């Protein structure tokens, strides 16, 4: 009888829903941010990524269900620096009332040149190509430098703590352990790059997503597309890149996991190079793929980059 009284105590029945309500709903804009948030929040948070694995967050087209998911979110985490313009529109239309966390707050962004592009005016059949002069825009790909990832960790942790103060000890403990792992990974990346002679540290990728990586680790990246996967390189730009690859004997040519392969395939044909694999730049792989987490992404990318830069046989 005593056991039955304990099991069905009204006071205990009230405790369970209250505890369940403490699990905040957190939405991250894309898969890399979602993984960072998962490492810090663990099972204490209910986490959702809008642009998931192998999805291009640059030109993402959200569904009505994505906007609906924001309505009751306690926290929304975005990269910022112009990376997810679609998210700002979603937030305005969803009635989101929670905390908005910008993971790149505190980072001094590197600036890069935007590519030329065309605009549509006046509806279908009236496309006009205006030559937009070179302009400098912030590079949003800060996560490609593991040192800058420490800013991401601090900002995400602060957002979770503000939304769920009761979980602060857990969040800060997880964040400290995660920061230590990324610091160790940063040292490993530097040691791997050191295996490549400085003159050979050159890589061609689909779009300009590795600028922070290049500055942090001493690798020169060349790309036919600009900061966004939506940019279309001109024939002249592609031709210049082909000539440069031949002149400088660059051997590292890579696809990315969510860009159109046509331009890279042309470059491969013109230079006689073989595409050396698929790098993960703006999105993680599926759970069964080679880059299901941010840490795994770096290890996978380095395992391809280093032998390709050295010119090792594939």
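In my numbering, the protein residues as written are 36 to 349.
We treat Cβ as the ideally placed atom computed from N, Cα and C, and that holds for glycine.
Treat the numbers as computed from the prediction; the structure is a model and nothing was measured.
With C-beta atoms as the reference, is residue i less than 8 Å away from residue j?
| i | j | result |
| --- | --- | --- |
| residue 174 | residue 127 | no |
| residue 343 | residue 303 | no |
| residue 329 | residue 71 | yes |
| residue 114 | residue 60 | no |
| residue 296 | residue 273 | no |
Check for me: the alpha helix (DSSP H) holding residue i runs from which residue to which?
| i | result |
| --- | --- |
| residue 66 | 66-76 |
| residue 299 | 297-306 |
| residue 230 | No alpha helix (DSSP H) holds residue 230; DSSP gives it neither H nor E. |
| residue 279 | 270-283 |
| residue 198 | 184-198 |
Would DSSP call residue i helix, strand or coil?
| i | result |
| --- | --- |
| residue 20 | Examination of residue 20 is not possible in this model, given that the chain is present from 36 through 349 alone. |
| residue 348 | coil |
| residue 219 | helix |
| residue 58 | coil |
| residue 379 | Since the first and last residues shown for the chain are 36 and 349, residue 379 lies out of range. |
| residue 288 | strand |
| residue 93 | coil |
| residue 323 | coil |
| residue 85 | strand |
| residue 173 | strand |
| residue 49 | Interpretation of residue 49 is limited by its pLDDT of 43, a score under 50 that renders its predicted location unreliable; no figure is taken from the coordinates. |
| residue 257 | strand |
| residue 239 | strand |
| residue 314 | strand |
| residue 224 | helix |
| residue 379 | Shown here, the chain extends from 36 to 349; a query on residue 379 therefore has no answer. |
| residue 98 | coil |
| residue 80 | coil |
| residue 244 | coil |
| residue 130 | coil |
Alpha carbon to alpha carbon, how far is residue j from residue i? Give it in angstroms, no decimals.
| i | j | result |
| --- | --- | --- |
| residue 312 | residue 345 | 15 Å |
| residue 232 | residue 253 | 11 Å |
| residue 210 | residue 181 | 14 Å |
| residue 112 | residue 73 | 12 Å |
| residue 143 | residue 137 | 13 Å |
| residue 130 | residue 66 | 23 Å |
| residue 339 | residue 225 | 15 Å |
| residue 283 | residue 101 | 46 Å |
| residue 332 | residue 220 | 11 Å |
| residue 350 | residue 214 | Any property of residue 350 remains undetermined from this structure, which presents the chain solely from 36 to 349. |
| residue 195 | residue 134 | 9 Å |
| residue 118 | residue 94 | 9 Å |
| residue 80 | residue 307 | 49 Å |
| residue 90 | residue 310 | 21 Å |
| residue 85 | residue 326 | 18 Å |
| residue 251 | residue 184 | 12 Å |
| residue 164 | residue 245 | Here the model assigns residue 164 a pLDDT of 42, short of 50, so the residue's position is not dependable, and the following value carries that caveat. Residue 164 and residue 245: Cα-Cα distance of roughly 28 Å. |
Is it buried or exposed for residue i, if we count other Cβ within 10 angstroms and need 16 for buried?
| i | result |
| --- | --- |
| residue 270 | exposed |
| residue 103 | exposed |
| residue 291 | buried |
| residue 76 | buried |
| residue 347 | exposed |
Return the first residue and the last residue of the beta strand (DSSP E) that residue i is part of.
| i | result |
| --- | --- |
| residue 136 | 134-137 |
| residue 148 | 146-148 |
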